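Q: Below: one structure in structure tokens.
2 protein chains.
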Amino acid sequence: MEQNCIDIRDQIMSQKLVKSVADALYIIGGKWKLPIIIALFAQSKRFNDLKRAVEGISARVLSNELKDLEANGFIKRRVYAEDTPVTVLYELTEYSNSLEEVVLALGNWGESHLMKLKTGLKEVQS
Amino acid sequence: MEQNCIDIRDQIMSQKLVKSVADALYIIGGKWKLPIIIALFAQSKRFNDLKRAVEGISARVLSNELKDLEANGFIKRRVYAEDTPVTVLYELTEYSNSLEEVVLALGNWGESHLMKLKTGLKEVQS
DNA sequence: GATACCAGTAAACTAAAGGTTACTAGTATC
DNA sequence: GATACTAGTAACCTTTAGTTTACTGGTATC
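Chains A and B are the protein sequences, given in the same order. Quick note, the first sequence lines up with residues 1 to 126 if you use the UniProt record's numbering. Quick note, the second sequence lines up with residues 1 to 126 if you use the UniProt record's numbering.
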């Protein structure tokens, strides 16, 4: 813990950490980007399957987010024109795997935060 | 890598990961929360020091974010009424340390993403 | 005596994000 | 023949986030 604190402080002093975190949040922050990516981690999906998998998202927002994610190299849009009606498959690129650590860290933290809320722990330290 | 993929897939199947990540983003997402926390990791600061440290934030937004962060148990607002003018110190609580893994994961990812953009790498895999 | 700093707050505004409804055209199901 | 599915798009609206400007009252500096 103390060890890690020193690590993190070194990074902070250089102002690099703030910029990196801000950049990360700019790219993958927002309500839907990570939920979409997580849904696609499980398996590639078609537009409406994805819409059902990501609870609460609207077609408009999903469409916009997918364009964004594709532009940033996270997903690939595959069109099977020979099908009727046309099948469109969205799948993750190799680059999305780089997000695994971030996703797991956020997931772990979010989970323990929920636990903390449920058990009603108060912070004991100032 | 393959090992980790199996890990993450297990979590996804249970739908827990999505909920946890969404919760985490709800609490610490947004443009300013993590930059403020990172600035305070370095050391406790007064309102205007913090405003200078977090580049680009306005007083109104900083004030709102601080209230939010305090309500969620991340920071402590300490008032030194004996000073003239009154000194107000914002400092992190112990609970903020739980964010270290998240901050470092986002920082690492953001940094390597910036590197990728600069060197103009294209993804080689579909 | 004017200016700047302290820790904010209030009001009014703009910008960005997200939601809702309706619609496309071709096919399959009831 | 009505309904539902395919993959979205367009227009419109609401909500949230963030900015700008001006202001507080007491102290220190020029």
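Don't be surprised by glycine CBs; every beta carbon is placed ideally from N, CA and C. If you're wondering where the values come from, they're calculated on a predicted model, not measured in any experiment.
#1: Which chain A residues sit within Cβ distance under 8 Å of B/I75?
#2: Might you give, ordered along the chain, the residues of its own chain that have their beta carbon closer than 8 Å to the beta carbon of A/G120, omitting 5 neighbours on each side?
#3: Measure how close the beta-carbons of B/V86 and A/V103 come, nearest whole angstrom, since I'm counting them as under 8 Å.
#4: Taking A/L99 as the query, report the chain B residues whose CB atoms sit under 9 Å from its CB, ordered along the chain.
#5: Who are the near neighbours of A/V79 in its chain, counting only those whose CB is closer than 7 Å to its CB and skipping five residues on each side?
#6: If you draw a straight line from the C-alpha of A/F41 to the C-alpha of B/A81, how long is it?
#7: Tell me the rounded alpha-carbon separation between A/L50 and A/K76.
#8: List the residues of chain A whose Cβ lies closer than 9 Å to the Cβ of B/S112, in chain order.
#9: Between A/Y90 and A/S44, which are expected to be in contact by the criterion C-beta below 8 Å, what is the C-beta distance as a whole number of angstroms?
#10: Kindly list, in the order they appear in chain A, the residues whose Cβ is closer than 7 Å to that of B/I38.
#11: Can you give me the C-alpha to C-alpha distance between A/W32 and B/R46, rounded to a whole angstrom?
#12: From A/H113 to B/A53, what distance separates their C-alpha atoms?
#13: Which residues in the same chain as B/N72 place their Cβ atom closer than 7 Å to its Cβ, once the five residues preceding and following it in sequence are excluded?
A: Looking at the coordinates:
#1: Counting from one through the second sequence, the residue named residue 75 of chain B turns up at place 75. Those within 8 Å of B/I75 in chain A number zero; the least Cβ separation is about 10 Å.
#2: Stepping through the first sequence from its first residue, residue 120 of chain A is reached at position 120. There are no such residues.
#3: Against the second sequence, residue 86 of chain B aligns to sequence position 86. Against the first sequence, residue 103 of chain A aligns to sequence position 103. The Cβ separation is near 43 Å, so there is no contact.
#4: Against the first sequence, residue 99 of chain A aligns to sequence position 99. Result: W109.
#5: Working through the first sequence from its first residue, we reach residue 79 of chain A at position 79. Excluding sequence neighbours, A/V79 sits near V86 and V88.
#6: Start at 1 with the first residue of the first sequence, and residue 41 of chain A comes out as number 41. Start at 1 with the first residue of the second sequence, and residue 81 of chain B comes out as number 81. If you take the alpha carbons of A/F41 and B/A81, they lie about 53 Å apart.
#7: For the purposes of this step, residue 50 of chain A is identified with residue 50 of the first sequence, where counting begins at 1. For the purposes of this step, residue 76 of chain A is identified with residue 76 of the first sequence, where counting begins at 1. Whole-angstrom Cα-Cα distance: 14 Å.
#8: For the purposes of this step, residue 112 of chain B is identified with residue 112 of the second sequence, where counting begins at 1. When 9 Å is used as the limit between beta carbons, B/S112 is near these residues of chain A: S20 and S98, in chain order.
#9: Here residue 90 of chain A refers to the residue found at position 90 of the first sequence. Here residue 44 of chain A refers to the residue found at position 44 of the first sequence. Going by Cβ atoms, the distance from A/Y90 to A/S44 rounds to 6 Å, so yes, they are a contact pair.
#10: Position 38 of the second sequence, counting from 1, holds the residue named residue 38 of chain B. Per Cβ cutoff of 7 Å: I12, L17, V18 and V21.
#11: The count along the first sequence starts at 1 and reaches residue 32 of chain A at position 32. The count along the second sequence starts at 1 and reaches residue 46 of chain B at position 46. Rounded to the nearest angstrom, the two C-alpha atoms are 34 Å apart.
#12: For the purposes of this step, residue 113 of chain A is taken as residue 113 along the first sequence, with counting starting at 1. For the purposes of this step, residue 53 of chain B is taken as residue 53 along the second sequence, with counting starting at 1. Going from the Cα of A/H113 to the Cα of B/A53 covers about 27 Å.
#13: What you label residue 72 of chain B is simply residue 72 of the second sequence in a count that begins at 1. Contacts found: I27.
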